[in-house]
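As they're listed, the protein sequences go chains A and B. Final position of the first sequence in numbering that gives the first Met the number 0 is 66; the numbers increase by one with none missing. Final position of the second sequence in numbering that gives the first Met the number 0 is 245; the numbers increase by one with none missing.
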Amino acid sequence: MPKVEIRSESCKSCGYCVKFCPKQVLAIGDKVNSKGYEYAKVAKPEACIGCKMCGVICPDAAIEVYK
Amino acid sequence: MEKIYARTKGIRPDVVSGFCPGCMHSTVIKLIGEVLEEMNIIDKTVAVLGIGCCGLKMEYMSYDNITSPHGRACAVATGIKRSNPDSLVYTYQGDGDFASIGLAESVSAANRGENISVIFINNGIYGMTGGQLAPTTLLGMKASTAPKGRIAEEHGYPMHMCEILNQLTAPCYLERTSCNTPQNTLKTRKAIKKAFQNQLDGKGFSMVEVVTNCPTNWGLDPLKSLEFLNEKMLTEYPLGVIRDNG
Ligand code: SF4
Ligand code: SF4
Ligand code: SF4
């Protein structure tokens, strides 16, 4: 099953990955990183299809995808 | 399990970019890194950075770079490329740098068909210096130096750099792209790769104009800045290949 990993320290909470994931796998979480950003989290891991769209759109290279 | 999307070696592994949240400067720098890694030329690449937010790239990227005097990146890149023809030399410039302060150097390098690649970031405003009007600012768009918005009679019209350079004989490749969707981000990646390949093949001047956002100086959050980009910026700056002699 495909898997996404979010590097929480690199995330700036822009919300692009949440917007563009076709399967609503991602969400902005309620925990903050050391810079104070509420980083993205994997809310529905089982729905991921490994399409990489989240990784492509993330400005800050905070997402890595496995398949 | 195989990693199918990895953070590129073209940016430093443990550095968080200095750009604001949602700023597509970060996206483009990531894409450049991915392309250089894919083409296996990170070690022979020299980036020439413009002044402004572009300079934040310095701490983030993982290979050789030099910052030029404001606007003069194409002239500096010309010198580096001519004296080190085996290097891949590209400039990374914003609209204030490339299209205003450095207009003479930019147009002259394009007119010479200089064998360099230009990555031109058009977000319609001066970023780091405080949101001043840029040559690319849209009519009616507010800037710190145009508090009532850009007025044609006072400030002139938005400048379309791809189309302006398309009047010249020498340039090889001019394309305008964006990073507003994953699909367009992948198109930007492809365009950057083409610009670099053209240089390796000795084909002369290539420019990719990336229409991006400046959430901070537009006064919008990242998602709202995407809407402004889609509705306003891309209406004024339509995407596509303007010239391809590659
Ligand atoms: S790989 Fe595709 S499906 Fe999986 S989280 Fe990313 S965008 Fe969503
Ligand atoms: S796109 Fe990247 S920076 Fe933006 S919220 Fe998602 S993981 Fe964070
Ligand atoms: S000021 Fe604008 S262009 Fe500069 S980093 Fe912030 S959002 Fe990006």
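Virtual Cβ for every residue (Gly too), placed ideally from N, Cα, C.
Relative to ligand 3, the beta carbon of THR26 of chain B is positioned no closer than 7 Å to any heavy atom.
When only Cα atoms are considered, ILE10 of chain B and ASP94 of chain B end up about 23 Å apart.
Bounds of the beta strand (DSSP E) holding TYR91 of chain B are 87-93. In the DSSP assignment, LEU167 of chain B is bridged to no other residue. Counting C-beta pairs with one atom in each stretch, the segment 3-10 of chain A and the segment 56-65 of chain A have three or more that are closer than 8 Å, which means they touch. At a cut-off of 8 Å between beta carbons, GLY21 of chain B contacts chain A.
Neighbours of GLU63 of chain A in chain B, taken as residues at a C-beta separation under 8 Å, are given in chain order as LYS2, TYR4, ALA5 and ARG6. In chain order, VAL15 make up the part of chain B whose C-beta sits under 7 Å from the C-beta of SER9 of chain A. For a cut-off of 8 Å, the C-beta gap from THR180 of chain B to ALA190 of chain B is around 15 Å, too long to register as a contact. In this structure, ligand 2 has a non-hydrogen atom nearer than 7 Å to the beta-carbon of TYR15 of chain A. In terms of beta-carbon proximity, GLY49 of chain A lines the interface with chain B, with at least one pair separated by less than 8 Å. Note that the C-beta distance between SER205 of chain B and GLY21 of chain B is not below 8 Å.
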